[in-house]
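Here the structure is laid out as structure tokens; the discussion comes afterwards.
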Amino acid sequence: MSAENIIKNAVAKAVKELYGLDVAPESVAPQATRKEFEGNLTVMVFPYVKAARKAPEAVGAEIGAWLEQNEPAVAGYNVVKGFLNIVIAPTFWNSVLKGILDTPDYGTVKPGPDSPLYMVEYSSPNTNKPLHLGHVRNNLLGYSLALILEACGYRVVKTNIVNDRGIHICKSMLAWQKWGEGATPESRAQKGDHLIGDCYVAFDKHYKAELAELKAKGMTDEEAEAASTLMKEAREMLRKWEAGDAEVRALWEKMNSWVYAGFDETYRRMGVGFDKIYYESRTYLDGKAKVLEGLEKGIMYRRDDGSVWADLTGDGLDHKLLLRSDGTSVYMTQDIGTAAQRYADYPIDRMVYVVGNEQEYHFKVLSLILDKLGFKWGKDLVHFSYGMVELPNGKMKSREGTVVDADDLMESMVADARKVSAELGKTDGLTDAEIDAISEMVGLGALKYFLLKVDPRKNMTFNPAESIDFNGNTGPFIQYTYARIRSVLRRAAEAGMTVADYSAVIPNDKEIALVQRLADFPATVAEAGRRFSPALIANYAYELVKEYNQFYHDCSILREEDAAVRSLRLALSEATARTVSTAMGLLGISVPERM
Numbered sequence: 044m045s046a047e048n049i050i051k052n053a054v055a056k057a058v059k060e061l062y063g064l065d066v067a068p069e070s071v072a073p074q075a076t077r078k079e080f081e082g083n084l085t086v087m088v089f090p091y092v093k094a095a096r097k098a099p100e101a102v103g104a105e106i107g108a109w110l111e112q113n114e115p116a117v118a119g120y121n122v123v124k125g126f127l128n129i130v131i132a133p134t135f136w137n138s139v140l141k142g143i144l145d146t147p148d149y150g151t152v153k154p155g156p157d158s159p160l161y162m163v164e165y166s167s168p169n170t171n172k173p174l175h176l177g178h179v180r181n182n183l184l185g186y187s188l189a190l191i192l193e194a195c196g197y198r199v200v201k202t203n204i205v206n207d208r209g210i211h212i213c214k215s216m217l218a219w220q221k222w223g224e225g226a227t228p229e230s231r232a233q234k235g236d237h238l239i240g241d242c243y244v245a246f247d248k249h250y251k252a253e254l255a256e257l258k259a260k261g262m263t264d265e266e267a268e269a270a271s272t273l274m275k276e277a278r279e280m281l282r283k284w285e286a287g288d289a290e291v292r293a294l295w296e297k298m299n300s301w302v303y304a305g306f307d308e309t310y311r312r313m314g315v316g317f318d319k320i321y322y323e324s325r326t327y328l329d330g331k332a333k334v335l336e337g338l339e340k341g342i343m344y345r346r347d348d349g350s351v352w353a354d355l356t357g358d359g360l361d362h363k364l365l366l367r368s369d370g371t372s373v374y375m376t377q378d379i380g381t382a383a384q385r386y387a388d389y390p391i392d393r394m395v396y397v398v399g400n401e402q403e404y405h406f407k408v409l410s411l412i413l414d415k416l417g418f419k420w421g422k423d424l425v426h427f428s429y430g431m432v433e434l435p436n437g438k439m440k441s442r443e444g445t446v447v448d449a450d451d452l453m454e455s456m457v458a459d460a461r462k463v464s465a466e467l468g469k470t471d472g473l474t475d476a477e478i479d480a481i482s483e484m485v486g487l488g489a490l491k492y493f494l495l496k497v498d499p500r501k502n503m504t505f506n507p508a509e510s511i512d513f514n515g516n517t518g519p520f521i522q523y524t525y526a527r528i529r530s531v532l533r534r535a536a537e538a539g540m541t542v543a544d545y546s547a548v549i550p551n552d553k554e555i556a557l558v559q560r561l562a563d564f565p566a567t568v569a570e571a572g573r574r575f576s577p578a579l580i581a582n583y584a585y586e587l588v589k590e591y592n593q594f595y596h597d598c599s600i601l602r603e604e605d606a607a608v609r610s611l612r613l614a615l616s617e618a619t620a621r622t623v624s625t626a627m628g629l630l631g632i633s634v635p636e637r638m
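Structure below.
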């Protein structure tokens with residue numbers, strides 16, 4: 044049991060015995076003692092003052108004395124106003140360390156067959172362009188969140204919804220027909236999603252040229268847009284698609300297959316995946332059916348023009364369009380259809396949508412409508428709302444071809460990792476295959492860590508040069524520390540050094556601080572799950588390796604002559620390496636055994 048849990052239970056017993064007050068151990072909430080005071084854990088005693096009818100200092104002293112007398116883990120205490128600073132017996136930390144090493148998958152909880160089921164949706168790409176930097180943040184956040192929730196003991200289904208229908212898809216199709224010259228991924232030696240993305244950019248280029256030509260003839264912006272033959276052709280293609288035109292559908296399926304092959308390649312390199320993929324082309328009709336069902340039940344209403352709406356004014360919102368007057372669906376309708384299919388496929392307890400913060404209103408509406416339609420998890424759905432990511436030189440625009448492509452970004456990060464690692468001598472003496480593997484690991488680790496360490500709710504600027512630094516709060520710094528620890532442990536094994544009994548060793552301040560940091564890991568994972576924040580895990584990993592590096596600087600390990608002390612330090616190194624690996628794994632980041 045951790046020191047925090049021991050103190051929680053002991054303080055609850057003390058308060059009951061001293062003042063007759065029933066206190067839940069969870070409410071005690073000990074915190075790490077501030078460095079300017081003596082102690083390891085601090086408990087606030089103000090909640091017990093009224094029952095004790097004494098001054099806070101007196102209450103703290105009484106509880107401290109009780110703990111010192113009745114709890115073997117407590118070696119002393121001091122009181123500062125209403126705060127009780129508790130000194131944990133030094134040798135107690137050895138038992139905490141042993142417990143960490145003896146616990147398989149330390150810090151995580153295995154889901155059971157009856158654990159609540161969370162479904163996490165992320166990625167949500169359009170099939171008219173390749174994945175870009177914004178998708179990278181979305182995918183990394185969603186995948187990491189799914190891993191964290193699973194580590195908290197929930198069953199998790201990772202899912203994706205592919206936006207494979209609509210006018211934007213037809214723009215790419217029409218451009219391929221007009222200017223693609225029959226190109227295929229094979230003929231161009233190009234990933235399929237990149238080929239289709241080029242078509243989308245080509246449509247926009249020709250469309251803008253057409254508008255400029257029409258406006259040069261004296262038309263207003265609105266008149267030019269209405270007169271555009273390109274846009275009329277795109278809309279006609281969409282009409283044919285919705286009518287099931289065989290030729291249009293065949294082209295759509297062929298081009299989508301190219302895109303999916305490209306997406307799969309990107310996902311593999313990024314290290315993310317899904318348990319189930321849904322497609323808008325297969326869900327939007329279900330959405331229409333659900334809306335019409337709601338209309339029959341009086342949940343929705345129809346206006347004079349034939350359009351169908353939901354009145355949400357009673358919930359503090361407005362009226363929401365669900366079906367246009369011509370019967371076609373809107374995005375909300377498609378999300379309702381996808382939700383219906385998911386609920387039919389899985390007994391979902393909680394649905395988590397990983398979508399940018401510009402969609403906050405959309406998900407408030409969706410939550411209310413799903414609840415009105417009878418989905419038990421509708422009102423409890425979670426919109427994991429995250430901020431936008433930009434580069435130092437500003438925003439991205441996909442239709443103009445100025446996006447930061449995910450494939451190019453990953454390739455650039457790996458190349459940078461190779462260059463920086465070589466310059467710093469991190470890959471000296473390694474084979475080409477080892478250098479390739481480490482460059483991939485470090486480059487992608489730098490990218491993932493930089494995007495995940497920031498509070499997901501905040502907008503952020505991604506700076507590739509900063510992310511690849513081997514110093515500071517970066518992925519490579521953590522990966523290098525892990526590799527250093529593994530090197531120490533290998534050298535110890537080669538020298539025949541084994542871990543003997545260290546229970547009687549009195550650990551020094553650096554060793555105690557490191558055990559305390561290790562002991563924080565399970566609570567950090569649980570908090571990250573509660574707050575839906577991979578950033579908590581990322582920054583915990585950084586603080587842990589910082590603590591280890593201070594310990595490593597001040598405490599000799601392999602040259603320590605006292606076998607028991609050396610054993611304690613090797614045990615600390617092993618526990619730190621395992622915990623770093625688990626923490627980084629929850630971020631989808633691999634750590635190298637050598638560097």
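The sequence shown lines up with residues 44 to 638 when you count with my numbering.
Quick reminder that beta carbons are idealized off the backbone N, C-alpha and C, glycines included.
Please return the same chain residues whose Cβ sits closer than 7 Å to the Cβ of residue i, not counting the five positions on each side in sequence.
| i | result |
| --- | --- |
| T76 | G82, N83, L84, T85 and N128 |
| C195 | V152, V568, A569 and G572 |
| A57 | I106, W109 and L110 |
| V123 | F80 |
| K438 | In this prediction, K438 scores a pLDDT of 48, lower than 50, which makes its location untrustworthy; no coordinate-derived value is stated. |
| S187 | L495, P577, L629, L630 and G631 |
| A581 | Y492, L495, K496 and L630 |
Rounded to the nearest angstrom, what separates residue i and residue j at their Cα positions?
| i | j | result |
| --- | --- | --- |
| A382 | E79 | 54 Å |
| R278 | C213 | 8 Å |
| S633 | M627 | 7 Å |
| I600 | D563 | 24 Å |
| P32 | A116 | Past the boundaries of the shown model lies residue 32; the chain is included only from 44 to 638, so the question cannot be answered. |
| G287 | S324 | 12 Å |
| T541 | L140 | 16 Å |
| K221 | A293 | 16 Å |
| M274 | N169 | 19 Å |
| D354 | Y429 | 28 Å |
| R637 | R529 | 7 Å |
| P390 | I320 | 17 Å |
So the beta strand (DSSP E) residue i belongs to, where does it begin and stop?
| i | result |
| --- | --- |
| V86 | L84 to M87 |
| D354 | V351 to D354 |
| V117 | V117 to V123 |
| I129 | F126 to I131 |
| N643 | No answer is possible for residue 643: it lies beyond the span of the chain, which begins at 44 and ends at 638. |
| H175 | First-last for H175: undefined, no H or E at that position. |
| S428 | V425 to Y429 |
For residue i, count the other beta carbons within 10 Å of its own beta carbon; 16 or more makes it buried, fewer makes it exposed. Which is it?
| i | result |
| --- | --- |
| D207 | buried |
| L561 | buried |
| T524 | buried |
| H596 | exposed |
| R646 | Beyond the ends of the chain as shown, which are 44 and 638, falls residue 646; an answer cannot be given. |
| N502 | exposed |
| E443 | Caution applies to E443, whose pLDDT of 46 falls short of 50 and renders its modelled position unreliable; the value that the coordinates give is listed next. When all chains shown are included, E443 counts as exposed. |
| G337 | buried |
| K491 | buried |
| A189 | buried |
| G341 | exposed |
| D236 | buried |
Alpha carbons only, please: which of the options is nearest the one belonging to residue i?
| i | options | result |
| --- | --- | --- |
| E433 | R292, K422 and L452 | L452 |
| L192 | A614, P577 and L611 | P577 |
| V179 | A189, S610 and S166 | S166 |
| M313 | A289, L532 and G631 | G631 |
| G380 | V199, I204, L160 and A55 | I204 |
| R621 | P635, D552, L160 and D264 | P635 |
| F135 | S546, Y197 and A556 | S546 |
| V244 | M262, P228 and W219 | W219 |
So, at 6 Å on beta carbons, what are the nonlocal neighbours of residue i in its own chain, with the 5 sequence-adjacent residues on each side left out?
| i | result |
| --- | --- |
| G240 | K172 and P173 |
| E509 | none |
| S482 | V457, A460 and R461 |
| G488 | G518, Q522 and I632 |
Under 8 Å between C-beta atoms, does residue i make it to chain C?
| i | result |
| --- | --- |
| S616 | Considering every chain present, this structure includes no chain C. It has just one protein chain. |
Would you kindly report the start and end of the unbroken alpha helix (DSSP H) that includes residue i?
| i | result |
| --- | --- |
| E308 | A289 to M313 |
| E604 | Element bounds for E604: n/a, residue is neither H nor E. |
| Y322 | Segment K319 to Y322 is the beta strand (DSSP E) holding Y322; no alpha helix (DSSP H) there. |
Can you list, in chain order, the residues of its chain whose CB lies under 8 Å from that of residue i, leaving out five sequence neighbours each side?
| i | result |
| --- | --- |
| Y585 | K496, N516, F520 and I521 |
| E47 | P73, L84, A562 and A566 |
| G185 | V163, E164, Y165, S166, K201, V315, V397 and F427 |
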